[in-house]
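Novice: This structure is in structure tokens; I'll ask about it shortly.
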Amino acid sequence: MNKRKLQLPLLYGVFILSGFCGLIYESIWASYLKLFLGHAIYGQVTVLIVFIGGMSIGAWVTGKFARKIKNPLMIYALVEVIVGIISLYFHEIYQAITAFAYTDVLPAACSSQMVCSSQIVIGALLILPQSILLGTTFPLMSSGAMKISGNESGKVVSMLYFSNSLGAVFGVLVSSFVLIPLIGLPGSLLTAGVGNLAVAAIVYWIAKVSILKTEETDKATTAQPLSAATGRFLFLLAGITGLASFIYEIAWIRMLSLVTGASTHSFELMLSSFILGLSLGGFWIKRKIDNLQNPLRFLAKVQIIMGVLAVLTLPVYLWTFEITQSFLNTVAYTNSGYVLYTFFSKFMYLLVMFPATFMAGMTLPLVTFILMKSHYGHKAIGFTYSVNSIGSIMGVLLAVFVLMPSLGLKNTIFVAAGLDILLGVGLLLWFAGNRFGWRRFAAPAVACSVLVVALLTINFDQRTLASGVYRLGKSSLGDDFALEDHIDGRTSTVHVIRSSNGLVGILTNGKSDGSLNVQRSEQQIGDEETMTLTSAIPLAYRPDAKTVAQIGFGTGMGSETLLSSTNLEELHTIEIEPAMFEAAKHFWPVNKTAYTDPRHQMIFDDAKSYFAKNKRQFDIIIAEPSNPWVSGVASLFTQEFYGQVHQYVADGGVFTQWVQLYEINPALVATIVNALKQHFPRFHIYITSNVDMIIVAFKDGEELPVSDAMFEMPKLKALLNHVGVYGKNDLIARRIATHETVIPLLESYTEVANSDFYPVLDTNAAKARFRRDAGSNMLQLSNRAFLFSRTIDGLGNQVPSDNAIERGMNRFTNAIGNTIKAYQLVVEGSVGEFAQAKPKAYDWWIAAKIFREGLIECQLSIAEVSVVLPELVILGQDFYKYLPQALNERVWMEVQAAGCSEQMSPEIAAYTRLFNGMALDSPSMITEHAQQLLARNNVTPLEQNLLYQALMYGYYRQGKANEGLALAEQVEQQKWAAEPPIWLRYFQQAFATQEPLKLARSN
């Protein structure tokens, strides 16, 4: 007996480890299959159905042969060994099978417009065998443990349910927050596989020394009478309550995504909260289950209470928006704050989920116990588990395809709660027999009253649900916005809002996915510039493009822009959520062509899946995904995805990637570009608005020129004019870099590339979102804080059109336009009527006036040198950053000809020679005068930023890597306001890799 008491806790312990490994498998296998099947709804549902369905089959088979299995723990150990071995080699198996499918099966067997049965079958076969095996583990372990325990069958089943579920909780959290970030998907599978083998070894040892004979165990269990009808009802209850529980889970996850965001980490925290409630419910019932006088009545009450508690989660859920607002207005947006936010999110998930899931955790042990005590015996374990799993599958299908799209989130919860209450009432009436006393109806009456009252009084304020509280810290939409529409789609909840000035926005799970001014006023507001140019810029390189594929529909403005091309013959837009396409109709008439043009084909699918099935090439492919922190989106920024896309870009074609530079940090931007460069080594980078980056990558590695041809297309020209673009130079003004500078710069942050199997972007993006990070490296490039980047890239500077400068709608054209005016004042002494109207309203006017008076007209005295020097440093850099080289050379030619600088001071003269050397791109002149100026005492921080950068560039051009590294080490010790500037990072990386030796040129 003492040996048995020691062996049972050991079995409970190894079953915790088994549950830990099992949830790692569920999570990792789901990730693998979504890479193959896609993140579209049918792909996600297929993963759930195959996994849960496989477990159902395994449980049913175990129940079917339960009485013939003499030593269930021995079989259990064998199952764990097989699962563990498969896991050790799953990654290689997956890669081999999917590679064969992509090249040979899918193109031949699948239509690009339909769900592909061949793809689903292949995906299912990848995990179905293991899922079936995992389905046998709970029945086998339960049966084996009860053969050891003797008569405490209810306690054993409950304790095993608790143990396995508790392990699952840790499996979800450890895989998401520890294993995947550290060792990726293959390493996580390897860890779980080793865990399975360890479980198998321990259970095998217990099976060898402790299992009782089947005959003795069966005699120890006395069958209790249970009618056939009651047995059937209990199996029905197990199935329907499984259905209801999965409806709860899916609806709660969608609801809570509106509170905390739809990131992968949020999903894993929600899943672990759901399972934790189930686990603790099983743990609580273990102490009571064997001593219940009326387990049927107790089960009925559990069902009723569960339904009531599920309904009562709705007001609690609405309260979480206010709690989140208070928390976010208090916490610091730092790494420590993110840890607190993670625990806070977990608390809120438990607040909503725990009460009902705690009750749900009792149902399966209770049903199993009641049936097992009857003539069903041990086979009841497998049958009950199987039926419950089948119900879970039905719950997934019903919630995703029927309830949420047709009834909405609130009513979906009511349907599931009603089912649980109905089951409890039915069981009470069944148990009552012919006695119908009023007490027997009290609980059903109260439950039904709560259901009806809640249905009539609880309202989901869509202004609250659309608030995006997790991003903005506000629990309701601002007063400036009216709610126009909301759709609970299959994968997300979509809202449409409108402001009084005509700005219409579309939100996905509370996050803005685009906005447009539908009143088409002269003032361009919202995201129109980004959405228009994301589609127009690739057309500038390939105005002759006939076929285009676009990933993401958004507002439809991208499609509208592409369809304005007179050369376009086909546009395929791939959108994962049909509700987005429907909701975007609120942007009419701005995007009307996207709905009416026969050249446009809408495909509702996952992009990876679509390209694999379609197997055709396009002149242009444009990826406009949402932010990488949104679950599933980061897979559109991986080296595997870029490798796949590369196959489908036609020769001479371009691939365009939109990357949001907000809610992301420089290192994560680097992982994206590192992934891209492996397949597209040459690319140009543009910045639109202030925080959106557009990468144009070339298929053949040969850079294409920007053409003026698209400005000859009337409708496209009008769209571009509306966002302040009148010619190709207005586009080029937004081009900030090429691969030449960007690759070394980003490698200084990390050389890691985002991958499907090592998803560094997905695992870190949620933290970057919380901290409100920004891709400051790219933003510094856009501000031209790296003075020499455009010279290194060979981009040069171009003057925007007069119309663009006059409208001043863009910070790039504003900066260039102001520098042009300063140039006119310095060189010509006039900037026309515009400047004279408000001469002191512009900093450039003051700087240029002092510059001309001091360095061209020689009107300032030596005493006024302190006034000239800072203006010279500022304006000299602006001339270099923004003027075409010929104009910049003329400035310093005029200065040298005037000779004023030589009369003022040695440092003024040295600066003019330095800027002249920069204009002439003379490394020796730059090095000489930068060294001379740095040797002075009291060099200001403004000067240091210029001089150190200039000296490093001189060393870079001369191939002096050792001198450059020594200087970089010295500069790194300086006190910078924030992180070291990007030019320092670039030169450090270049010197360390000896790049300047390759680029050294003569003077």
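Residue numbers (this note's numbering): 4 to 1006.
Don't be surprised by glycine CBs; every beta carbon is placed ideally from N, CA and C.
#1: Evaluate P842 with the Cβ neighbour count: other Cβ atoms within 10 Å of its Cβ, from every protein chain shown; 16 or more gives buried, anything less gives exposed.
#2: Determine the burial state of G71: buried for a count of at least 16 other Cβ atoms within 10 Å of its Cβ, exposed for fewer.
#3: Quick check: the Cα distance between F54 and L136, rounded to an integer number of angstroms?
#4: Could you work out which residue in S230, A33, G820, A363 is closest to N732 when comparing CA atoms only?
#5: Which whole runs of the alpha helix (DSSP H) in the region 533 to 612 are 4 residues long or more, in chain order?
#6: Could you spell out the range, first to last residue, of the alpha helix (DSSP H) harbouring Y689?
#7: Are there 16 or more other CB atoms within 10 angstroms of the CB of E754, so buried, or fewer, so exposed?
#8: Can you have a look at V405 and say buried or exposed, based on whether 16 or more other CB atoms are within 10 angstroms of its CB?
#9: Using a 10 Å radius around the Cβ and a threshold of 16 neighbouring Cβ atoms, would you call D547 buried or exposed?
#10: CB-CB under 7 angstroms to A610, same chain, minus the five flanking residues each way: which ones, in chain order?
#11: Rounded to a whole number of angstroms, what is the C-alpha to C-alpha distance between S927 and T943?
#12: Which same chain residues end up closer than 6 angstroms to F23 when comparing Cβ atoms and leaving out the 5 residues on each side of it in sequence?
#13: Can you name the start and end residues of the beta strand (DSSP E) that Q660 belongs to?
#14: By the three-class DSSP mapping on this structure, what secondary structure does D530 have?
#15: What distance in whole Å lies between the Cβ atoms of L240 and F301, which are believed to be in contact at a cut-off of 8 angstroms?
#16: As a quick exercise: from S161, L480, V870, pick the residue whose alpha carbon is nearest that of M375.
#17: If we require 4 or more residues per run, which alpha helix (DSSP H) segments fall completely within the region 44 to 130?
#18: Check for me: the alpha helix (DSSP H) holding N294 runs from which residue to which?
#19: From S389 to G61, what distance separates their C-alpha atoms?
#20: Pair every Cβ in the region 321 to 340 with every Cβ in the region 768 to 776, then say whether three or more of these pairs are closer than 8 angstroms.
#21: Over what stretch of residues does the alpha helix (DSSP H) that includes F701 continue unbroken?
#22: With DSSP as the reference, label S269 as helix, strand or coil.
#23: Look at the Cβ atom of K616, then the Cβ atom of F658, and state whether they are nearer than 8 angstroms.
#24: Could you check how far apart the C-beta atoms of F484 and I500 are, in whole angstroms? I think they sit under 8 angstroms.
#25: Got a sec? Which residues, its chain only, sit under 6 angstroms from D881 by beta carbon, not counting five neighbours each side?
#26: As a quick exercise: from S792, E750, M534, pick the residue whose alpha carbon is nearest that of Q952.
#27: Using the DSSP secondary-structure output, state which residues sit across from H498 in a beta bridge.
#28: Verify whether the separation of the beta carbon atoms of L272 and S348 is less than 8 angstroms.
#29: Going straight from the alpha carbon of Q620 to that of A700, what length do you get?
#30: Is it true that the region 476 to 493 meets the region 453 to 462, where meeting means three or more beta-carbon pairs spaced less than 8 angstroms apart?
#31: Where DSSP assigns a beta bridge to R738, which residues make up the other side?
#32: Please classify F463: does DSSP put it in a helix, a strand, or coil?
#33: Which one of E83, P983, L875, V108 has the shortest CA to CA distance from I205?
#34: So P581 packs on G492, CB below 8 angstroms; how close in whole Å?
#35: Using only alpha-carbon positions, find the residue among L723, L863, P873 that is nearest to A807.
#36: Thinking C-alpha only, which one of K963, E931, R960, E966 is nearest L950?
Specialist: Working from what's here:
#1: Only weak support is given to the placement of P842: the predicted model assigns it a pLDDT of 45, under 50, and the value that follows is read from those uncertain coordinates. Residue burial annotation: P842 is exposed, with fewer than 16 other C-beta atoms found within 10 angstroms of its C-beta.
#2: For the record, residue 71 in the displayed sequence is Lys; it is not Gly. K71 sits exposed, since fewer than 16 C-beta atoms from the chains shown fall within 10 Å of its C-beta.
#3: Straight-line Cα distance between these residues: approximately 11 angstroms.
#4: Of the candidates S230, A33, G820, A363, the residue whose Cα lies closest to the Cα of N732 is G820.
#5: Whole alpha helix (DSSP H) segments, 4+ residues: 560 to 566, 581 to 586, 596 to 599.
#6: Segment 686 to 691 is the beta strand (DSSP E) holding Y689; no alpha helix (DSSP H) there.
#7: E754 is exposed by the Cβ-count criterion.
#8: Looking at its Cβ environment, which holds fewer than 16 other Cβ atoms inside 10 Å, V405 is exposed.
#9: Note on D547: under 16 other CB atoms within 10 angstroms of its CB, so exposed under the neighbour-count rule.
#10: Once the five neighbours on either side are set aside, the close Cβ partners of A610 are I554, I577, L639.
#11: For the pair S927 and T943, the Cα-to-Cα distance works out to about 24 angstroms.
#12: Closer than 6 angstroms at Cβ, skipping near neighbours: G170, F173, G174.
#13: Going by DSSP, Q660 is part of the beta strand (DSSP E) stretching over 652 to 663.
#14: In this structure, D530 counts as coil in the three-state DSSP scheme.
#15: The beta carbons of F301 and L240 sit about 13 angstroms from each other, so the pair does not count as a contact at 8 angstroms.
#16: Comparing Cα positions, the closest option is S161.
#17: DSSP assignment within the region 44 to 130 yields the following whole alpha helix (DSSP H) runs of 4 residues or more, N-terminal first: 44 to 67, 75 to 103, 109 to 112.
#18: Going by DSSP, N294 is part of no alpha helix (DSSP H) at all; its letter is neither H nor E.
#19: So the alpha carbons of these two residues sit roughly 8 angstroms apart.
#20: Touching, per the Cβ criterion.
#21: First-last for F701: 695 to 701, but that is the beta strand (DSSP E), not the alpha helix (DSSP H).
#22: Correct three-state label for S269: helix.
#23: Not in contact: K616 and F658 (Cβ atoms no closer than 8 angstroms).
#24: Confirmed, Cβ separation roughly 4 angstroms.
#25: Within the same chain, D881 has close Cβ partners T822.
#26: Looking at the Cα atoms, S792 is the closest of the given residues.
#27: Here H498 is bridged, per DSSP, to H489, L510.
#28: Their beta carbons are under 8 angstroms apart, which means L272 touches S348 by this criterion.
#29: Taking the straight line joining both Cα atoms gives about 15 angstroms.
#30: Cβ pair count under 8 angstroms is below three, so no.
#31: Beta-bridge pairing links R738 to Y689.
#32: Coil at F463, not helix or strand.
#33: Out of E83, P983, L875, V108, E83 has the C-alpha closest to the C-alpha of I205.
#34: That pair is a contact at about 6 angstroms.
#35: Comparing Cα-Cα distances from A807 to each of L723, L863, P873, the minimum goes to L723.
#36: Measuring from the Cα of L950, the nearest candidate turns out to be E931.
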